[in-house]
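Residue numbers (my numbering): 1 to 74.
Now the structure itself:
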């Protein structure tokens, strides 16, 4: 009986992780935009780190979306 619930639990877990990552990606985008409008003097390292983190999150979002979408055409 637990076997039939496991795929649903996996999808639910992936879905909740996807929501968290999507929110974090959106928040980072807003922060990057604000910093780009008024960059702190001599601190482009922060901006580079934020952009790198945003790309990492985007990759993770893509991986989760791929895991949630079946490869078999309907």
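Quick reminder that beta carbons are idealized off the backbone N, C-alpha and C, glycines included.
- Annotation: the continuous alpha helix (DSSP H) that includes residue 44 extends over 44-68.
- Counting C-beta pairs with one atom in each stretch, the segment 41-57 and the segment 26-33 have three or more that are closer than 8 Å, which means they touch.
- Residue 47 and residue 35 do touch by the CB rule: their CB atoms are close to 5 Å apart, below 8 Å.
- Proximity to residue 21 across 59, 67 and 66 peaks at 59, based on C-alpha coordinates.
- Within the same chain, and ignoring the five residues on either side of residue 14 in sequence, the residues whose Cβ sits closer than 7 Å to its Cβ are 64, 67 and 68.
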